[in-house]
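Structure first, then comments.
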Amino acid sequence: MPRPLKVIFCLKLEDEIKRQLRLFQLNNRPFAAFARDAERSFQVLIPKDIGDGKRTYTRREPDISFKHHWARYPGVVMEVFCARTKDYGMVDEYILDTDGSVSAVFVFRLHNTGSKKATFTLWRPNYQVAEDGVEVLQATAMIQDKQFRTNSGVPAEGEAFRLSLRDFGVEELAQDYAELDQEIVITSEQLCDFLSSAEAHEEKITRFEGSVGQIPPGAVKRYRSQIPLEQQISEEK
Numbered sequence: 001m002p003r004p005l006k007v008i009f010c011l012k013l014e015d016e017i018k019r020q021l022r023l024f025q026l027n028n029r030p031f032a033a034f035a036r037d038a039e040r041s042f043q044v045l046i047p048k049d050i051g052d053g054k055r056t057y058t059r060r061e062p063d064i065s066f067k068h069h070w071a072r073y074p075g076v077v078m079e080v081f082c083a084r085t086k087d088y089g090m091v092d093e094y095i096l097d098t099d100g101s102v103s104a105v106f107v108f109r110l111h112n113t114g115s116k117k118a119t120f121t122l123w124r125p126n127y128q129v130a131e132d133g134v135e136v137l138q139a140t141a142m143i144q145d146k147q148f149r150t151n152s153g154v155p156a157e158g159e160a161f162r163l164s165l166r167d168f169g170v171e172e173l174a175q176d177y178a179e180l181d182q183e184i185v186i187t188s189e190q191l192c193d194f195l196s197s198a199e200a201h202e203e204k205i206t207r208f209e210g211s212v213g214q215i216p217p218g219a220v221k222r223y224r225s226q227i228p229l230e231q232q233i234s235e236e237k
């Protein structure tokens, strides 16, 4: 089960992205129709060619992901870790095994040992021409280990990242729209606030803080019978 810290951080970041998406959806310009098709995604089956025309599929449930309604794969994926890790294998899965359908993969690291620093890396599909002239698709870190909270626990300056509407769907779905450069902007201060709120929530849980119900004096608890429901029904008959 994921830590409350991770769950609350993800919920707050997701809510802010959806809030800004709603502003685009309510607009009367053509891009609003594309924005209305951007939706939360929960699970993705990623193909892997194993030769002889055969494929296997890996089931992934990203911490946060958004997709266009008519897209097969999410366009934006976010994975959140509470401990430092250098396992970037999933980045290649998301980007390469979907043929670049996933246009942005974020990897957040909320805690570093002995420090309050929090960082993220943004990966995007990128084509490079090899020495033999072959065009090669690879995952490239466009933003590498960028701090949004410093070692002392204060927000880093400025914005953290931007997402354009175009990131939420593949080019085939975007080609009918003249403008999809509207951007969702997330600042370092916002990310820092999300993390601080998540930390405070988790601390309350670990300290058993908060109001609770009170059983009246003299009252007792009666738990339900552990007899399977089918057996109870049979005995009643």
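The sequence shown begins at 1 in the UniProt record's numbering and counts up by one. Beta carbons: idealized from backbone N, C-alpha and C, even for Gly.
- Using a Cβ distance threshold of 8 Å, residue 66 and residue 38 count as a contacting pair.
- Collapsing the DSSP output to three states places residue 228 in coil.
- Residue 139 is bridged by DSSP to 125.
- For residue 39, the enclosing beta strand (DSSP E) starts and ends at 38-40.
- Here residue 119 carries a strand assignment [DSSP, helix/strand/coil].
- Here residue 68 carries a strand assignment [DSSP, helix/strand/coil].
- Between residue 127 and residue 136 the beta-carbon gap is near 7 Å, inside 8 Å, which marks them as a contact.
- Contact between the region 141-154 and the region 166-173 is absent, with fewer than three C-beta pairs closer than 8 Å.
- Excluding sequence positions up to five before and after residue 123, its CB lies within less than 6 Å of the CB of 91, 105, 139, 141, all in the same chain and listed in chain order.
- Taking a contact as a CB-CB distance under 8 Å, the pair residue 149 and residue 156 counts as one, their CB atoms being some 7 Å apart.
- Here residue 94 has 77, 102, 105 as same chain residues with Cβ atoms under 6 Å from its own Cβ, once five neighbours each way along the sequence are excluded.
- In the DSSP assignment, residue 164 is bridged to 183.
- Looking at the backbone, the Cα of residue 109 and that of residue 80 are separated by about 6 Å.
- Beta-bridge annotation (DSSP): residue 47 is paired with 57.
- DSSP, read as helix, strand or coil, puts residue 24 in helix.
- In the DSSP secondary-structure assignment, residue 81 is bridged to 109.
- The residue from 71, 11, 194, 97 with its alpha-carbon nearest to that of residue 58 is 97.
- Across the structure, residue 32 and residue 184 are spaced so that their CA atoms are roughly 14 Å apart.
- If you look at residue 91, you'll find it in the alpha helix (DSSP H) that goes 89-96.
- Listed in chain order, the non-local C-beta contacts of residue 192 below 7 Å within the same chain comprise 148, 149, 155, local neighbours out to five positions each way being set aside.
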